[in-house]
Structure formats: C-alpha cells, structure tokens
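Residue numbers (our numbering): 1 to 251. Below: the structure, in structure tokens.
Below, the structure written as structure tokens:
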C-alpha cells in the first residue's frame with residue numbers, strides 16, 4: 001500500500017527526517033511514535049504532498065507519488081486528519097459530512113449553479129452516503145447536533161468520518177485520541193477497528209502508548225531517525241525507545 005525509501009527532509013541545516021524507510025500494508029494499522037520534534041508530522045506532510053522531500057521516494061498503491069501535490073494524493077486515495085478536527089462548527093454533524101463529500105465533486109460548476117436533475121441526483125447520493133458513514137462510525141444519533149456542541153472526542157471522530165467521505169485507501173491520523181476521555185478513547189478504538197475491517201490502511205501518530213497496542217506494527221522516530229520498529233510489545237521493550245521517551249538514569 002505505502003512505502004517510503006530513504007525519505008529525507010532538510011530545512012536549512014536541520015535534518016527533520018533522515019533516510020526513513022517505512023511500510024504500511026493493506027488493512028494494517030501502523031503507528032508512528034516519538035518525542036516532540038521527532039519528525040512525525042513532517043513525515044505526514046511529505047506523504048500527503050504538503051512538503052516535497054529533499055531525497056528519497058514515496059510509493060503508494062504501486063505508483064511513485066514522491067513529488068505529487070496534496071490535492072493529487074487526496075484524489076489517489078490518501079485521507080488525513082489533523083490534531084484539530086477543522087470542522088464547520090455551525091453546521092450539523094450531517095452537514096459536515098455532506099460538505100466533506102463535495103471536496104471531490106463529480107459535477108461541474110454549471111451543474112451545481114443551475115441545480116440540474118443530474119446534480120440533484122448526485123446531491124441525494126451524497127446525503128445517503130453521509131448518513132451511512134455516520135452510522136458506520138456511531139455518530140448517527142448525533143447527526144442533527146451542531147458540530148461545536150459535540151464533546152471533544154466525538155468532534156475528533158467526526159473529523160475521521162469526514163476523511164472517510166472521500167473513500168480513502170489509506171488514512172493518516174494525527175493524534176486521533178489526544179485529549180479524549182477513557183470512554184471516548186474506547187469509542188474511537190472500535191471505530192478504527194471497523195475501518196481496518198473494511199480494508200482501509202491507517203498510519204497514525206499518537207503519544208498514548210496504551211492506545212498504540214491497537215497497531216499491527218510501530219515505527220519509532222527520534223530527531224528524524226528511525227530508531228526502532230516492530231510490534232507494540234517489541235517496541236516497548238527496546239532500550240533506545242525507552243531512552244528517547246524517558247531518558248536515562250543520568251538525565
């Protein structure tokens with residue numbers, strides 16, 4: 001599904017990402033962890049085309065997307081959420097989903113302006129799709145609530161639902177459970193498992209080490225370098241990982 005080979009990014013004299021190789025297979029949940037400043041968000045920006053790499057290659061679904069722009073990677077099937085949900089706060093939950101589905105329109109400007117029969121059929125289909133996604137992620141009972149009135153955790157789940165509206169093959173989730181209550185984390189965990197069951201791959205950044213047990217595989221970054229990879233259980237026991245997160249006794 002996704003591979004990076006020797007991926008690097010230099011800002012001036014700072015090497016934010018250094019010679020990074022990672023892989024995400026179909027239907028896998030893969031974690032990208034590390035201390036603040038480790039380069040995790042830079043990796044996401046490189047994969048999605050927000051930034052161009054200094055060196056290296058990004059392969060997605062068998063195609064080289066190394067220098068593709070963000071709107072192209074989105075159309076190819078890479079969805080993304082951010083640390084903030086970036087919702088339309090005064091739209092309902094359902095309206096947020098419908099709006100997201102129109103980010104990849106299949107009609108032209110004049111169809112939309114004149115509201116042709118073809119456009120109205122597409123609009124009805126988008127509405128039905130939005131309701132199906134809300135049911136899938138468990139937010140259907142809240143569909144008429146304003147987004148700004150949702151609890152923080154459910155706003156973040158709505159952000160994931162919006163990313164699903166464009167039918168991605170790969171989801172990049174940036175700290176998807178940050179700031180959530182235990183109940184909201186459990187709710188989100190069930191959502192991510194259901195997404196995996198649909199064959200959608202997930203690459204996520206998270207600081208909640210307990211939540212990372214959801215992952216099939218974890219890559220650990222420190223100062224832009226990959227210092228470990230393996231199952232969550234293997235990574236937790238790695239000496240370099242413990243030092244990066246918790247320091248040494250002499251620190």
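All residues carry an ideal CB built from backbone N, CA and C; glycine is no exception. Because the structure is a prediction, the values reported are computed rather than measured.
- Taking C-beta separations shorter than 7 Å and ignoring five residues to either side along the sequence, the partners of residue 137 in its chain run 157, 160, 161 and 191, following chain order.
- For residue 16, same chain residues with a beta-carbon under 8 Å away, outside a window of 5 residues either side, are 9, 10, 39, 42 and 224 in chain order.
- Following the DSSP letters along the chain, one finds residue 229 inside the beta strand (DSSP E) bounded by residues 225–230.
- The alpha-carbon separation between residue 53 and residue 117 amounts to approximately 45 Å.
- Distances from the alpha-carbon of residue 133 to those of 93, 19 and 182 put 93 closest.
- Boundaries of the alpha helix (DSSP H) harbouring residue 157: 152–164, taken from the DSSP string.
- With contacts defined as CB atoms closer than 9 Å, residue 183 and residue 230 fail to qualify as a contacting pair.
- Remark: C-beta atoms of residue 170 and residue 218 do not approach each other more closely than 9 Å.
- Here residue 24 is buried. Its C-beta has 16 or more other C-beta atoms within 10 Å.
- Each of 208, 6, 101 and 57 was checked against the Cα of residue 168, and the nearest Cα belongs to 101.
- With contacts defined as CB atoms closer than 9 Å, residue 211 and residue 241 fail to qualify as a contacting pair.
- Secondary structure at residue 40: helix, using DSSP grouped into helix, strand and coil.
- Taking the CA atoms as reference points, residue 70 sits about 10 Å from residue 76.
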